[in-house]
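Chains as they are written, first to last, in this note's numbering: chain A, 125 to 559; chain B, 125 to 559. A quick write-up on the structure given underneath.
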C-alpha cells in the first residue's frame, strides 16, 4: 500500500491534535484513500519538552531542514506561526517539490503572493483551511462549492477572542478590561492580546479570504483595521437601545474596479444572523451572485478544530498525489481577475454611531449638528441625555444616515476643536443588512 | 483538450440554470480543470416547450434512454425529481458506467442504499450536493471537511417553504392559511403544499443527511415527521412569551446503539443561531466530536443556488475522471459503522409545550396536573388565562420538564377523555440548546 509521508514543523497544541487525529482515524483515512498517511519527521524547538501526544523520538529533530530535506516527506505541515522563519521554511519545502499545509494567516497575509508564485513554479499546492475559521470547512467551500459562482462580499467574525469579549460585554454589562482579564485567565486571550483585540489577526484573515474570494493580490499594509479596546459600556447600552449588537467584523467587498477591506467594531442589527454568533465562535457570511447569501459557522480556534482542518487538507493533497494528477490548482483562485486597488477607508460610505463628550451648555447640540451638516452628513437619530455625573461630560449620541467617512473624519476633527468638546468622540460604523 | 460529456435528464429551472452556469463560467472551469465540460444530450418531456435557456435542438430528445445510452455522455445529471422513473433512469446510467449527479432527495431517501450499492458495483460515483440545502456546499463539507471527525448530531432547517411560512407567522402575527396562500402566490409554495408543510420533504432530506453523517442505512419509513399546518397564532404568542421561536427542525442524533430521526415544529430558544434563520433560508447545524458545533446557512432552493450545487458536483466528478482515479469514494461514508435501529418517537426524551383547550370550571387544572403527574411528567411552567371569548374553551398552557414522549402521549390520551376537554391538545416539542 502506498504511503504518503508527512513532515511537521511544530508540535504544539495543533501539531499534537494532528498526530492524534491521524492515529485515531487511521483506518477510516486508509479506507477512504486506499493509502496510508504517516508522520515521518517532526521539527520542534526543544527536543526534550513534554508533549500532549507521544511520538517516536527518532522522528523528532530540532532542525527544520531535516523535515524539509527528508525525501520521504511528501507534505510539509507548517504550524510554527508568525512570518519568519515560517516563510523561509515554507519556501524551502516548496522549492523541494513538497506540498504545504499551513494554519498561518500572518504568513499568508504578508507573503501569500510569493508563496503562490513559488507553488506554481514548482507545481505543488499550498492548502490553508486552518488559517481562517479554524475547523469550519470554509476555505474549501469558497474554493470548490462556489466554483461556478462569483463572490461579491465576504463578512467575517473571525477573531474568537474579540467575539468572546464583546459577547461578555453585551450580555453581562461589564467593562473591556475586566472581561479581557477573565479571557486571559480562561485561555481565550493571549498574555499580549494586541493582535486579537487590536484587529490585526482579523485583518490577516480578511486578507486571506479576500485574495481567495476576489481572485486578486492583496497588499496587507492597505487593509484598514481598528480594535475593540476603545469600546465602553455606554456604547453597548446605546447599541441595545438602537436595536444593534456590536461585533468585530472583517468586511471585504469587491466593487469591480476596487476592493474595500476593513476590520472594525461594527453595530449590526440584532436580528441579523451574525448578531447571534456568540462567544469564541467564528462565522463567515458570503454574498455571491448565483448562490446569494450563505454563512459558515463554527469554532474558530482550539486544538482539535484546527487539527481537523489541517488533516482535511492533508487528505485532499493525498488524493491529488495518489491520482498522480498535476495538482488540483487548489491554490489558484477560480478565475483570475484584474488586480484592483484597495480603497482607502476615507472612501467608505456608511452609517455612523457618534458619541460626543461635550460640556452641558446651551447651543452645543446646534454646533454639533451644524458642523455635521457642513460636512454633508445628515442625522437620522439624536439622543441627548441629562448629565447624571457632574464629573463627566454630557453625552450626545448621533446616528447618521449614510455618509462618506472622509467627511465624517473631517467633521470630527472640527468638532474636536470646539471649546465645548471635552472627550474624544466615539465612532462606531453601522452595517446595514439588506431588507 | 479532453472533454467531459454531460447528459441532462430534465430541463426545467434547475436544468436551465446548469446550462447557463456552464456557459457563463466555461473559461474558468476550463482553466481550473484543464478540460472542457460539455452538455451532449438533454432529455425532456416535451421537445417543443419554451425553455429558460437556448439549447441546440439536436441535443434534445424525449427519450431518457438516448441520454443514458449515449457513449459520449460521462456524467448523467438527473433533475426530473420523484422516485419513479428517476430511479430506473439513474440505475440505468450507473449500469452503463456513468457517474450521476442528482438533486433528488426523495429518490435518495427511498432508494439511496440501492443506488450506492449499484455505484460500488460499477465503480462510479453518485453526487447529491443539491439534494439538501440547495446551493449551500454542505454535503461536501460534511463528507470532506469533517473527514477525520465523527458527527453525533445534525439539526436542519431544510424546508424553505415551511420556514418562510413560520417566519411570516412569527413576525406578522398572521394565520397559517393566509400565509400559505401568499407563499403560493409568490412561488414559495407549490399548489399542493403537502410535501413541504407536512414535513415529508424535510424528512427526505434528514434521511439523506443521516445516512451520510452517521454512516448507516436509513429505512425512510421509520423517520418520524409532523408538519406545521396545525400551529395557530396562539402557539406563536406563547412561544414568544416563553422566549422561544417555532421552527420546523429535522433532528438526527446518533446514540451509538440507535439513531433518533424526527421532523416536527419545534420551539427553540430565541437567542439560538437557528432561531435567526428566517424566510426561505436553510441551515444545517452539526455537532461533532473534534470540531464541536458548526453551521452551514444559505438559500435552500431556487434555480441558481441549486444549479451551483449541481455544477460543483460535476466539477468534482470531472476532477476524478481526469485524474483517472478509481473513484474518490465520495458516495461512501467516511467510516462504515454498524447498522443501527431507528428509534421510535415514543422513546424521545424532551421538554414539551402543551396547550389544552378545556372548559373553564373548577378543578380542571388539578385534573390535568394529576394526569401528567401520574405519567411521570413534571411541570416547569403553567399559564392559565381567563377565557376572553365565551365561544372558545379556556387555554391552559403547560411547559414540562424533560419527559418521555410515550408517557406524554398516554397522558394526552387520558386527558382527551376528560369531560372538561373540549379541544384536542396542541403539542410542540422544545429543543434545549447547550448552555
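A virtual CB, placed ideally from N, CA and C, is assigned to each residue, including glycine.
Annotation for residue 302/A: the continuous alpha helix (DSSP H) segment containing it runs 300-310. Judged by DSSP in its simplified three-state form, residue 542/B adopts coil rather than helix or strand.
Comparing alpha-carbon positions, the option among 342/A, 218/A, 373/A and 545/A lying closest to residue 352/A turns out to be 373/A. For residue 145/A, the residues of chain B that pass the 7 Å Cβ criterion are 272 and 414, in the order they occur in the chain. For residue 417/B, the three-state secondary structure derived from DSSP is strand. Linking residue 194/B to residue 165/B through their CA atoms gives a straight-line distance of about 8 Å. In terms of Cα proximity to residue 176/A, the closest of 390/A, 320/A, 144/A and 250/A is 144/A. In terms of Cα proximity to residue 552/A, the closest of 345/A, 361/A and 390/A is 390/A. The residues 258, in chain order, have a CB closer than 7 Å to that of residue 426/B in the same chain once the five nearest residues on each side in sequence are set aside. Contact of residue 130/A with chain B by beta-carbon distance below 8 Å is absent, the smallest such distance being about 13 Å. Judged by DSSP secondary structure, residue 360/B falls within the alpha helix (DSSP H) whose first and last residues are 357-366. Around the beta carbon of residue 384/B, a 10 Å sphere encloses 16 or more other beta carbons of the protein chains shown; the residue is thus reported as buried. Within chain B, 260, 261, 262, 264, 265, 269 and 420 have C-beta atoms less than 9 Å from the C-beta of residue 265/A, given in sequence order. Checking the DSSP bridge columns, you'll see residue 372/B partnered with 389/B. Residue 231/B places its beta carbon 9 Å or farther from that of residue 249/B. For residue 476/B, the closest of 506/B, 524/B and 498/B by C-alpha to C-alpha distance is 524/B. With a threshold of 9 Å between beta carbons, residue 148/A makes contact with chain B.
Between residue 320/B and residue 345/B, the C-beta spacing is not below 9 Å. Under the Cβ distance rule, residue 290/A does not count among the residues neighbouring chain B, no pair being separated by less than 9 Å. Listed by position along chain A, the residues whose Cβ is nearer than 9 Å to that of residue 428/B are 273, 413, 414, 415 and 416. At a cut-off of 9 Å, the C-beta of residue 441/B has no neighbouring C-beta in chain A. In the three-state DSSP reduction, residue 196/B falls in the coil class, being neither helix nor strand. Nearest in C-alpha terms to residue 488/A, of all of 542/A, 387/A and 530/A, is 542/A. Neighbours of residue 330/A across chain B, judged by C-beta separation under 7 Å, do not exist; the nearest C-beta is about 20 Å away. Proximity of chain B to residue 397/A at the Cβ level (cut-off 8 Å) is accounted for by 397, 400, 401 and 421, in chain order.
At least one CB of chain B lies nearer than 9 Å to the CB of residue 405/A. Apart from the 5 residues on each side of it in sequence, residue 154/B sits with its Cβ closer than 7 Å to the Cβ of 160 in its chain, given in chain order. At the C-beta level, residue 431/B and residue 254/B come within 9 Å of one another. Fewer than three pairs of CB atoms, one per stretch, sit closer than 8 Å, so the region 172-187 of chain B makes no contact with the region 200-215 of chain B. Using a CB distance cut-off of 9 Å, residue 367/B does not count as an interface residue toward chain A.
The C-beta of residue 141/B comes closer than 9 Å to at least one C-beta of chain A. DSSP places residue 149/A in the coil class of the three-state scheme, outside both helix and strand. Distance from the CA of residue 547/A to the CA of residue 350/A, rounded to the nearest whole angstrom, comes to 19 Å. The region 320-330 of chain A and the region 361-370 of chain A do not touch, with fewer than three beta-carbon pairs separated by less than 8 Å. Around the beta carbon of residue 297/B, fewer than 16 other beta carbons sit within 10 angstroms, so the residue counts as exposed.
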